[in-house]
Amino acid sequence: MSFITYAQNFEDVILWRALGYIRNGFYIDVGANDPVEHSVTKAFYDAGWSGINIEPLPAFHEIFERQRPRDINLAVAAGAADGEVTLFDVPAVNGWASSDAEVAAGHRAHGYQVAELRLPQLSLSTICAQHVHGEVHFLKIDVEGFEGEVLRGMDFQRWRPWVLVIEATMPNSRVTNHQGWESLVTSQQYEFAYFDGLNRYYVAAEHRALGAVMALQPNVFDDFIPWQLARASEGATLQEAARQAESDAHAFTREQLRAASATLQDEQALHALTRAALHGAYGAHEVLHQALLEAQAATATTREQQQQDRRALDAARAALSEEYAAHAATRHAQQQDRLALDATHGALNAEHAAHALTRVALENEYTAHAATRTAHQDDERASAHGTDHRREYIDAVNTLTAEAQRRHVELEQMLAAASAYAHKLETDWLSTSTWALSLERQVLEMRNNRYWRLTAPLRTVGASGVKGLADAVRAWQGRTVTWLVSRERLRRLILPRLAQMPWLSARVSRAVNQMRCTPPPPPPHARQTDVPPQLINLPASARQVLADLRRITLSKKP
């Protein structure tokens, strides 16, 4: 690939011939002026080099900042010492700015307007101390007659650029001016290598082999072209590419038009199909809308049924409260019965004591009668002829004794029956009290249980006769499908649409047949009441509630 030169006098061609083999080299350009036009460093920057650009004019410094981000761009003047300097700028001519007052006077003599600027000035030694950290491969100086001052500010013993390129003629003239400053270079072990009519090239003694490489002018073997020609060639190539692209675009457009024509026909057919589909979809939408309205009505009915179930549940809760109050009344009555039982038991004990006293009296009387009978017998033996009055007395005593014995047996039987009945009443009362207290405690615990409150909706569903929420949903689906199938108008609208989708039609048919073949759920079995026999006289609803509560309580026990 040809080397593209940007320098005014092909300085970069000569430098590239000598230094092009170096990768990522470093340069210092004093009086850099413009980053592209007449730039000695542009080709090296494009090849990966970097360096320091010293350009005091603010306008050019801003351009360097934008286009040379890898470089160190300084908006200062280079001189013999640090400080300030007056720069004489010629706005009409690019590159004529100088710090030499005589040069500025010459420009004025030729009719050019000269502007004076006060700018900061640094020596090359100060700049190198701040920014140079390795080899400097070439130093280029072009300051329009101020080259000697720049060289006086450089310490060539500390920093040794390999090559020096210094402008050596008066501004806009062939008259050389190197005699005033060349000794500043040669005295630092730099050897002259080449003069190109504008610049003088010097090589450090330690790199004098480069002098022979730089001794020839730029020639055909350097294979270079000016950047203006390269840009023009690139422009021509771009124009040819643009023409080819335009031709390809026209061909592509024609192909696209043919494809668009075919696509338009397809789109017209598709549009017709779309209209037909939209018409069918509109009919289906009407059907679905009607079904939605009826489903909403069914939902309202279901909601009303739920409200009725909720009211029934509230009534059941009220009945449970009433039964609970009845249970409290029953407990009170049982307490009264217990008190009466205690009184009866006391009366029986008193009667038993009286009976015991009576029995003792009868036994004493019987003993007395026996003694009397013995005495009578003795009297009979003593007197064989007793009187009739004595015999009657003995018969009366015998009758009284027999009656007393019979009364004694009856009292014994009554006392045994009363004791058995009292024991039965006490046993029943204890059993009923224990069951009632346990049931009351379990009811209170269950009503205060969080699980009981959370499962209230499920108990509502269970009370409706459907086993669980899933059965309720399936039952509602079955009623909905049955209702839809029973509507002849809906069937005429839906069946043609189902015929267009066989898989959906088959699925609906299976669901309908399954619901038809499924027997209705058996009625719920009557729950057997399970309450103590002492509460058998309670109302049936109360016994049912108490039995359910007892069964739930027993089912929770492990």
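Residue 471 in the working numbering sits at position 484 of the sequence shown, with consecutive numbering throughout.
Positions of the beta carbon are idealized from the N, C-alpha and C atoms, including for glycine.
Remember, predicted model here, so these are calculated numbers, not experimental data.
### Query
If you draw a straight line from the alpha carbon of Val172 to that of Met201, how long is it in whole angstroms?
As a position in the sequence shown, residue 172 is number 185, starting the count at 1. As a position in the sequence shown, residue 201 is number 214, starting the count at 1. Cα-Cα distance, rounded: 18 Å.
### Message
To test your reading of the DSSP string, which unbroken alpha helix (DSSP H) runs of 4 or more residues are found completely within the stretch 35 to 77?
### Response
45 to 54
### Message
For Val27, which residues in the same chain have their Cβ closer than 6 Å to its Cβ, ignoring the five residues on either side in sequence?
### Response
For this step, residue 27 is matched to residue 40 along the sequence shown. Closer than 6 Å at Cβ, skipping near neighbours: Ala(-6), Glu(-2), Asp(-1) and Lys127.
### Those runs of the alpha helix (DSSP H) which lie wholly inside the stretch -12 to 30 and span at least 4 residues
-2 to 6
### Task
Could you tell me if Pro45 is buried or exposed, where buried requires 16 or more neighbouring beta carbons within 10 angstroms of its beta carbon?
Here the question's residue 45 lines up with position 58 in the sequence shown. The residue is exposed, with fewer than 16 neighbouring Cβ atoms inside 10 Å.
#### Entry: Counterpart residues of Leu208 in DSSP-defined beta bridges
Within the sequence shown, residue 208 is the residue found at index 221, counting from 1. Residue identity check: residue 208 is Phe in the sequence provided, not Leu. BP columns for Phe208 are empty, so no partner.
### Task
Output the boundary residues of the beta strand (DSSP E) element that contains Arg139.
As a first step, residue 139 is located in the sequence shown; it is residue number 152 there, counting from the start. From DSSP, Arg139 is part of no beta strand (DSSP E) but of the alpha helix (DSSP H) over Glu134 to Arg139.
### N-terminal and C-terminal residue of the beta strand (DSSP E) that Val150 is part of
Residue 150 sits at position 163 when you count from the first residue of the sequence shown. It spans Val150 to Glu154 - the beta strand (DSSP E) in which Val150 sits, taken as one unbroken run.
### Inter-residue CB distance, Leu6 and Ile39 (contact presumed, cutoff 8 Å)
For the purposes of this step, residue 6 is identified with residue 19 of the sequence shown, where counting begins at 1. For the purposes of this step, residue 39 is identified with residue 52 of the sequence shown, where counting begins at 1. About 16 Å; that fails the 8 Å criterion.
### Query
Buried or exposed: where does Ile212 fall if 16 or more other Cβ atoms within 10 Å of its Cβ makes it buried?
Here residue 212 refers to the residue found at position 225 when the sequence shown is read from its first residue. Per the 10 Å Cβ criterion, exposed.
### Task
Give the straight-line distance between the Cα atoms of Gln166 and Ala65, rounded to the nearest whole angstrom.
Stepping through the sequence shown from its first residue, residue 166 is reached at position 179. Stepping through the sequence shown from its first residue, residue 65 is reached at position 78. Looking at the two C-alpha atoms, the distance is approximately 20 Å.
### Query
Within this structure, are the beta carbons of Phe125 and Leu2 separated by less than 8 Å?
Your numbering for residue 125 matches position 138 in the sequence shown. Your numbering for residue 2 matches position 15 in the sequence shown. Going by C-beta atoms, Phe125 is nearer than 8 Å to Leu2.
### Message
Am I right that Gly132 and Asn164 are in contact with their C-beta atoms under 8 Å? What's the rounded C-beta distance?
### Response
Locating residue 132 in the sequence shown gives position 145, where the first residue counts as 1. Locating residue 164 in the sequence shown gives position 177, where the first residue counts as 1. About 7 Å separates the beta carbon of Gly132 from that of Asn164, a gap short enough to meet the 8 Å contact definition.
### Residue of His194, Arg10 and Glu42 minimising C-alpha distance to Leu74
The count along the sequence shown starts at 1 and reaches residue 74 at position 87. Among His194, Arg10 and Glu42, the Cα nearest to that of Leu74 belongs to Glu42.
### Query
Can you tell me whether DSSP reads Gln108 as helix, strand or coil?
Here residue 108 refers to the residue found at position 121 when the sequence shown is read from its first residue. Looking at Gln108 - three-state DSSP - the assignment turns out to be strand.
### Query
Do Tyr99 and Val130 have their C-beta atoms within less than 8 Å of each other?
Residue mapping note: residue 99 aligns to position 112 of the sequence shown, counting from 1. Residue mapping note: residue 130 aligns to position 143 of the sequence shown, counting from 1. Not closer than 8 Å, so no.
### Query
Do the stretch 139 to 155 and the stretch 108 to 122 meet, that is, are 3 or more Cβ pairs less than 8 Å apart?
Judged by pairs of C-beta atoms under 8 Å, the stretch 139 to 155 touches the stretch 108 to 122, as three or more such pairs exist.
### Task
Give every residue of the same chain whose Cβ lies closer than 7 Å to the Cβ of Gly35, excluding the five residues on either side of it in the sequence, and list them in chain order.
As a working mapping, residue 35 is identified with position 48 in the sequence shown. So the qualifying residues of the chain are Arg10 and Asn11.
### Task
Output the distance between the C-alpha atoms of Leu431 and Ser425, rounded to the nearest integer angstrom.
In the sequence shown, residue 431 corresponds to position 444, counting from 1. In the sequence shown, residue 425 corresponds to position 438, counting from 1. Their Cα atoms are separated by approximately 10 Å.
### 7 Å CB neighbourhood of Glu178 in its chain, flanking five on each side removed
As a position in the sequence shown, residue 178 is number 191, starting the count at 1. Closer than 7 Å at Cβ, skipping near neighbours: Tyr189, Val190, Ala192, Arg195 and Gly198.
### Query
Taking the alpha-carbon positions, what's the Trp168 to Leu104 distance?
Numbered from its first residue, the sequence shown carries residue 168 at position 181. Numbered from its first residue, the sequence shown carries residue 104 at position 117. Trp168 and Leu104: Cα-Cα distance of roughly 25 Å.
### Query
Leaving out the 5 sequence neighbours to the left and right, which residues in its chain are closer than 6 Å to Gly70 when beta-carbon positions are compared?
Within the sequence shown, the letter at position 83 stands for residue 70. If we look at Gly70 and ignore the five residues flanking it on each side, its Cβ neighbours are Gln108.
### Message
Which residues does DSSP list as the beta-bridge partners of Tyr181?
### Response
Taking the first residue of the sequence shown as position 1, residue 181 is located at position 194. For Tyr181, which the question treats as bridged, DSSP gives the partners Tyr188.
### Message
By the three-class DSSP mapping on this structure, what secondary structure does Leu203 have?
### Response
To locate residue 203, count along the sequence shown from 1; it is residue 216. Three-state DSSP puts Leu203 in coil, outside helix and strand.
### Where the beta strand (DSSP E) containing Phe125 begins and where it ends
Translated into the one-based positions of the sequence shown, residue 125 becomes position 138. Residues Phe125 to Ile128.
### Task
Put Arg538 into one of helix, strand or coil per three-state DSSP.
Residue mapping note: residue 538 aligns to position 551 of the sequence shown, counting from 1. Three-state result, Arg538: helix.
### Task
Sort Ser(-11), Phe13, Glu89 and Glu413 by Cα distance to Leu207 and report the nearest one.
Along the sequence shown, one-based indexing puts residue 207 at 220. Residue identity check: residue 207 is Val in the sequence provided, not Leu. Among Ser(-11), Phe13, Glu89 and Glu413, the Cα nearest to that of Val207 belongs to Ser(-11).
#### Entry: CA nearest to the CA of Asp150, picked from Ala316, Phe13 and Asn435
Numbered from 1 along the sequence shown, position 163 holds the residue referred to as residue 150. Before going further, note that residue 150 is Val rather than Asp in the sequence given. Among Ala316, Phe13 and Asn435, the Cα nearest to that of Val150 is on Phe13.
### Task
With a cut-off of 8 Å on the beta carbons, I'd call Glu134 and Ile153 a contact; round off their distance for me.
Sequence index remark: in the sequence shown, residue 134 carries index 147 (1-based). Sequence index remark: in the sequence shown, residue 153 carries index 166 (1-based). Contact flag correct, Cβ pair sits at about 6 Å.
### Task
Hey, could you find the ends of the alpha helix (DSSP H) Ser473 is sitting in?
Mapped onto the sequence shown, residue 473 falls at position 486. Ser473 -> no alpha helix (DSSP H), and no H or E assigned at all.
### Query
Does the beta-carbon of Cys504 have 16 or more other beta-carbons within 10 angstroms, so that it is buried, or is it exposed?
As a first step, residue 504 must be located in the sequence shown, where it is residue number 517. It is exposed - the Cβ of Cys504 has fewer than 16 other Cβ atoms within 10 Å.
### Message
Give me the DSSP bridge partner(s) of Thr163.
### Response
In the sequence shown, the residue the question calls residue 163 occupies position 176. DSSP output for Thr163 lists Thr156 as bridge partner(s).
### Task
Quick one: residues in its chain with C-beta nearer than 6 Å to the C-beta of Gln295, no 5 flanking neighbours on either side, listed in chain order?
By 1-based counting over the sequence shown, the position of residue 295 is 308. No residues qualify anywhere along the chain.
### Task
Report all residues from its chain with a CB closer than 7 Å to the CB of Trp146; omit the five preceding and five following residues, and keep chain order.
Counting from one through the sequence shown, the residue named residue 146 turns up at place 159. Take Trp146, set aside five residues on each side of it, and the residues of its chain with a beta-carbon closer than 7 Å to its own are Cys115, Val119 and Val123, in chain order.
#### Entry: DSSP state of Glu122 mapped onto helix, strand, coil
Here the question's residue 122 lines up with position 135 in the sequence shown. Correct three-state label for Glu122: coil.
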